[in-house]
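A.B. asks: Note that numbering that gives the first Met the number 0 has the sequence shown beginning at 0, numbered continuously upward.
Using N, Cα and C, we set each Cβ at its ideal position, and we do this for glycine too.
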Amino acid sequence: MVSAATKIGIPAGAILAVFVMLAAGASMASAEVDNDQGTVSYYTYTVDFAFRGTDAQTILWDFGFDNPDGTRATSDEWNPQGIVFPAKGLYTVTQIVSNTVGTYTSQLKVEILGTPEITFVTDGGTHIPVQVVKLGQRVTVPATPVKEGYDFGGWFTD
Numbered sequence: 000m001v002s003a004a005t006k007i008g009i010p011a012g013a014i015l016a017v018f019v020m021l022a023a024g025a026s027m028a029s030a031e032v033d034n035d036q037g038t039v040s041y042y043t044y045t046v047d048f049a050f051r052g053t054d055a056q057t058i059l060w061d062f063g064f065d066n067p068d069g070t071r072a073t074s075d076e077w078n079p080q081g082i083v084f085p086a087k088g089l090y091t092v093t094q095i096v097s098n099t100v101g102t103y104t105s106q107l108k109v110e111i112l113g114t115p116e117i118t119f120v121t122d123g124g125t126h127i128p129v130q131v132v133k134l135g136q137r138v139t140v141p142a143t144p145v146k147e148g149y150d151f152g153g154w155f156t157d
């Protein structure tokens with residue numbers, strides 16, 4: 000427990016982001032990123048965050064986007080869970096922790112890639128719908144496309 004008279008330092012890099020593949024239905028390992036260093040990219044829309052410091056009295060998270068009602072997406076919970084980012088893109092998540100010694104701000108760039116989508120290009124042959132797959136799953140081999148005057152030679156990954 001921290002009292003108002005206790006002076007405690009807030010450790011550098013006090014942010015830990017745990018990315019959960021709820022949107023895709025599979026889980027991924029945690030990714031630990033030091034303060035203000037780089038970007039993490041994941042196929043997901045849903046992210047869980049965890050504070051790994053021990054010396055803060057208050058904490059505020061800003062997730063870098065506005066809610067549908069126009070308010071800013073923020074939280075004062077220690078470990079906000081299930082933050083759903085509205086779209087694919089790059090977001091700057093800011094964490095502000097403070098105690099009687101002062102305030103410390105960390106930023107983490109999170110790139111939301113959405114869920115993996117597989118597109119089949121048939122060059123004018125029969126249309127094959129896009130497949131959305133869970134990370135780590137295999138794509139279902141679609142029906143052989145038909146194009147007049149051509150024989151299908153197989154799928155490739157270019």
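Taking the alpha carbon of Ser97 as the point to measure from, which residue in Val129, Ile111, Pro141 and Thr57 has its own alpha carbon closest?
C.D. replies: Translated into the one-based positions of the sequence shown, residue 97 becomes position 98. That would be Thr57, whose Cα lies nearest to the Cα of Ser97.
A.B. asks: Candidates Thr139, Ile95, Thr121 and Gln80: which alpha carbon is nearest Tyr158's?
C.D. replies: Nothing about residue 158 can be reported from this structure: the residues present for the chain run from 0 to 157 only.
A.B. asks: Grab the span of the beta strand (DSSP E) containing Thr57 for me, first residue to last.
C.D. replies: Numbered from its first residue, the sequence shown carries residue 57 at position 58. Thr57 -> beta strand (DSSP E) spans Thr57 to Asp65.
A.B. asks: Taking the beta carbon of Leu89 as the centre, do at least 16 other beta carbons fall within 10 Å, making it buried, or is it exposed?
C.D. replies: Your numbering for residue 89 matches position 90 in the sequence shown. The residue in question, Leu89, is exposed, as its Cβ has fewer than 16 Cβ neighbours within 10 Å.
A.B. asks: Look up Gly124 in the DSSP assignment and say whether it is helix, strand or coil.
C.D. replies: Counting from 1 along the sequence shown, the entry for residue 124 is found at position 125. Here Gly124 sits in coil by DSSP.
A.B. asks: Starting from the Cα of Thr93, find the closest Cα among Phe48, Phe62, Gln130 and Val131 and give me that residue.
C.D. replies: One-based indexing of the sequence shown puts residue 93 at position 94. Thr93 has its Cα closest to that of Phe62, out of Phe48, Phe62, Gln130 and Val131.
A.B. asks: According to DSSP, simplified to helix, strand and coil, what is Glu110?
C.D. replies: Here residue 110 is taken as the residue at index 111 of the sequence shown, counted from 1. In this structure, Glu110 counts as strand in the three-state DSSP scheme.
A.B. asks: Straight-line CA distance for Thr143 to Glu116?
C.D. replies: As a first step, residue 143 is located in the sequence shown; it is residue number 144 there, counting from the start. As a first step, residue 116 is located in the sequence shown; it is residue number 117 there, counting from the start. Distance between the alpha carbons of Thr143 and Glu116: 19 Å.
A.B. asks: Below 6 Å CB to CB, which residues in the same chain sit around Gly123 once its five sequence neighbours on both sides are set aside?
C.D. replies: Here residue 123 refers to the residue found at position 124 when the sequence shown is read from its first residue. Excluding positions up to five away in sequence, the list reads Lys146.
A.B. asks: Would Gly113 pass as a contact of Lys87 if the rule is Cβ separation under 7 Å?
C.D. replies: Position 114 of the sequence shown, counted from the start, is the residue given in the question as residue 113. Position 88 of the sequence shown, counted from the start, is the residue given in the question as residue 87. Going by C-beta atoms, Gly113 is nearer than 7 Å to Lys87.
A.B. asks: Leaving aside the five residues before and after Thr104 along the sequence, list all residues of the same chain whose C-beta is less than 6 Å from its C-beta, in chain order.
C.D. replies: In the sequence shown, residue 104 corresponds to position 105, counting from 1. Result list for Thr104: Ile95, in chain order.
A.B. asks: Identify which residue in Thr156, Val140 and Ala49 has its Cα closest to the Cα of Asn78.
C.D. replies: Working through the sequence shown from its first residue, we reach residue 78 at position 79. The shortest Cα separation from Asn78 among Thr156, Val140 and Ala49 belongs to Ala49.
A.B. asks: Tell me the DSSP secondary structure of Leu89 in three-state form.
C.D. replies: Counting from one through the sequence shown, the residue named residue 89 turns up at place 90. In this structure, Leu89 counts as strand in the three-state DSSP scheme.
A.B. asks: So, is Val182 buried or exposed, given that buried needs 16 or more other C-beta atoms within 10 angstroms?
C.D. replies: Only positions 0 to 157 of the chain appear in the structure, and residue 182 is not among them; the question remains open.
A.B. asks: Taking 6 Å as the cut-off, does the CB of Asp68 come closer than this to any heavy atom belonging to the ligand ADP?
C.D. replies: Although the ligand ADP was asked about, the structure shown includes no ligands whatsoever.
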